[in-house]
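I have placed the structure first, in the form of structure tokens, so that the comments after it can refer back to it.
Protein chains: 2
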Amino acid sequence: MLGGIEAGGTKFICGVGTGPDDLRTVQFPTTTPQATVEQAVAFFRAQEPVDAVGIGSFGPVELKTGHIAATPKPGWRDFDFAGTVRRALGVRVVFNTDVNAAALGEERWGAAQGLRDFMYVTVGTGIGAGAVANGELVYGLKHPEMGHVRIPHDLARDPFPGCCPFHGDCLEGLASGPAMQARWGCPSSELSPELPAWDLEAHYLALAVNNWACVLSPQRIVMGGGVMRMPGLIERIRTQWASILNGYMPASEIVPPLLGGRSGVLGALVLAERADS
Amino acid sequence: MLGGIEAGGTKFICGVGTGPDDLRTVQFPTTTPQATVEQAVAFFRAQEPVDAVGIGSFGPVELKTGHIAATPKPGWRDFDFAGTVRRALGVRVVFNTDVNAAALGEERWGAAQGLRDFMYVTVGTGIGAGAVANGELVYGLKHPEMGHVRIPHDLARDPFPGCCPFHGDCLEGLASGPAMQARWGCPSSELSPELPAWDLEAHYLALAVNNWACVLSPQRIVMGGGVMRMPGLIERIRTQWASILNGYMPASEIVPPLLGGRSGVLGALVLAERADS
């Protein structure tokens with residue numbers, strides 16, 4: 001049996017199983033590293049023994065060592081995430097980013113089946129993406145940080161200065177869930193779909209999609225995360241991107257995840273399989 | 001013997017040989033497709049017979065068919081480039097983008113030897129890049145169009161509206177050679193390095209480097225092309241990118257091509273080798 005952890009900035013989802021049909025999950029808020037990992041470990045101990053655990057973690061992370069890196073999230077910087085889980089459960093642990101895990105989940109069972117060039121994007125507490133090019137996850141020097149691309153910011157239309165502690169008005173600073181909350185004074189889920197807030201959000205995400213697609217030219221872009229749950233947002237992004245592209249190159253398909261909120265934890269099971277190799 | 005063509009928007013470079021040590025080249029301006037390809041064919045006929053020809057072409061291109069696609073360049077749209085060369089010389093032709101060819105040249109003999117994740121960027125008549133991720137060229141749906149990313153454009157500092165016929169103030173519209181010429185009234189090569197024009201240019205290119213690196217996280221970015229010949233420009237891009245990154249993630253190395261103006265034509269020889277496979 002395999003275990004998976006989707007470690008998000010807001011919540012953890014832990015699961016045991018072999019795929020979507022037999023997956024048993026639990027979820028709880030992300031608090032301190034020690035308390036949150038203890039809850040995960042307790043869940044796995046209460047299930048039948050797992051042979052390996054995959055972790056898809058919020059970032060930035062150090063993939064080689066399984067640590068969290070320079071996150072602004074209090075208490076998590078330099079936390080030995082993979083090592084802590086490995087020692088507590090006594091099993092092999094495969095560590096990757098949350099978005100790489102979700103990309104693997106959607107590739108195996110979801111909206112990216114059979115594709116060799118695609119992205120999985122999350123728009124929520126942060127903005128990030130996992131990319132597969134020529135059938136392989138893209139890592140490079142470390143791992144992509146797609147939420148930190150710079151996009152045009154029309155200060156006359158949107159005087160909000162952005163909320164990224166590193167970059168101010170990078171994409172994440174302008175279009176993440178916390179950015180929407182800081183700009184509009186309430187969580188994005190409470191903003192009615194007809195408000196101009198969503199045109200602005202679609203505009204920023206279309207600019208980001210444009211930049212990602214100019215670099216990777218993916219066949220499909222799967223867009224998930226809390227903010228993407230707003231009805232109609234994906235259609236608005238498609239429309240605004242078509243206007244930005246102006247026919248210059250073929251547009252990648254933009255689709256929601258087929259696995260809904262389970263892309264990450266299911267992808268963590270795919271990671272756990274790799275413990276053998 | 002192998003032949004290579006680097007087909008640029010401004011000039012063609014044709015070469016015959018096996019590598020940098022024995023390469024014989026000729027170059028001439030890019031005029032109409034027919035006249036320019038005739039000159040290339042005449043060069044190859046005057047050499048010892050070639051077994052295959054590699055072409056690295058300006059874009060956008062249709063890689064599968066070897067055609068030029070929707071270029072604004074007069075006369076070249078829908079031109080059957082690979083087929084015309086194949087029929088004229090009676091040899092196998094391998095067709096790719098100019099920047100993918102240059103990336104292969106720098107990988108084999110230049111600044112990207114031994115790397116599995118890097119980019120070759122040209123900043124000249126247009127702006128484009130070839131990317132290698134996990135040791136393989138990135139294609140995706142078609143091929144990257146990295147010159148058409150959107151970046152912040154501070155209209156107060158730079159009221160020039162951009163000159164991309166498709167997108168106005170995309171990267172290429174703001175920072176290509178023609179953009180510099182239109183904004184400042186003379187070719188970039190005549191702008192003295194101490195002018196503020198070069199701070200602005202470094203700023204735009206640093207924003208682009210940031211966006212590319214957030215997506216691909218390359219180990220190294222090789223930056224060539226006519227505009228990049230300005231002394232000190234690479235150092236200014238490094239400095240401005242460090243300021244933009246603000247320590248958030250490791251910076252990719254930014255270096256000039258080791259093969260100078262021959263990256264593309266040498267890479268076209270690497271393409272020609274692939275005619276056998």
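As you go down the protein sequences, you meet chains A and B in turn. FYI, this note's numbering numbers position 150 of the first sequence as 150, with every residue one higher than the one before it. FYI, this note's numbering numbers position 245 of the second sequence as 245, with every residue one higher than the one before it. Don't be surprised by glycine CBs; every beta carbon is placed ideally from N, CA and C. None of the values given here were measured: they were computed from a predicted structure.
ask   = Less than 9 Å separating the beta-carbons of A/R116 and A/G267?
value = no
inquiry  = I'd like to know whether the C-beta of B/A131 is nearer than 9 Å to at least one C-beta of chain A.
reply    = yes
ask   = If you follow the alpha helix (DSSP H) that A/P196 is part of, which residue opens it and which one closes it?
value = 196-216
request  = Could I get the ranges of all uninterrupted beta strand (DSSP E) runs contained in the region 8-51 of chain A, with 3 residues as the minimum, in chain order?
outcome  = 11-17, 24-29
key: Per DSSP, the bridge partner or partners of A/G3   = A/V16, A/V53
inquiry  = Between which two residues does the alpha helix (DSSP H) holding B/G105 run?
reply    = 98-109
task = Check whether the Cβ atoms of B/P29 and B/F79 lie closer than 9 Å to each other.
result = no
ask   = So is B/S188 buried or exposed if we call it buried at 16+ other beta carbons inside 10 Å?
value = buried
A/D333 at chain B interface by Cβ criterion, 9 Å = Any question about residue 333 of chain A goes unanswered here, given that chain A covers just 1 to 277.
ask   = For A/G264, which of helix, strand or coil comes out of DSSP?
value = helix
inquiry  = Could you pull the DSSP bridge partners for B/F118 from this structure?
reply    = B/V132, B/R220
Closer than 8 Å at the beta carbon, the chain A residues around B/I151 = R150, I151, P152
inquiry  = Once DSSP output is grouped into helix, strand and coil, what is the label at A/G147?
reply    = helix
query = For the candidate residues B/L271, B/L174, B/T239, whose alpha-carbon lies nearest to that of B/V227?
reply = B/L174
inquiry  = Taking 8 Å as the cut-off, does the region 98-108 of chain B touch the region 99-107 of chain A (at least 3 CB pairs, one atom from each stretch)?
reply    = no
Neighbour-count burial assignment, A/P60, 16 or more Cβ in a 10 Å radius = buried
query = Anyone know if the C-beta pair for A/G54 and A/V255 falls short of 9 Å?
reply = no
request  = Return helix, strand or coil for A/F95, following the three-state DSSP convention.
outcome  = strand
query = For A/L137, which of A/C163, A/G247, A/N96, A/T71 has the nearest alpha-carbon?
reply = A/N96
query = In chain order, what residues of the same chain have a beta carbon less than 8 Å from the beta carbon of B/G232, not counting five sequence neighbours either side?
reply = P193, W198
message = Do A/L245 and A/N210 count as a contact pair if the criterion is CB distance below 9 Å?
response = yes
query = Hey, would you say A/G3 sits closer than 9 Å to A/A272, going by beta carbons?
reply = yes
ask   = For A/Q240, is the classification buried or exposed, using 16 other Cβ atoms within 10 angstroms of its Cβ as the cut-off for buried?
value = buried
message = I'd like the list of long-range same chain contacts for B/A112, defined as Cβ closer than 8 Å, with 5 residues on each side in sequence excluded.
response = A103, E106, F118, Y120, V132, R220, V222
query = Taking 8 Å as the cut-off, is the CB of A/A46 close to at least one heavy atom of the ligand ATP?
reply = Looking at this structure, you won't find the ligand ATP or any other ligand, since it has none at all.
ask   = Using the C-alpha atoms, what's the distance from A/T84 back to A/D51?
value = 16 Å
CB of B/P74 within 9 Å of CB of B/F166, strictly = no
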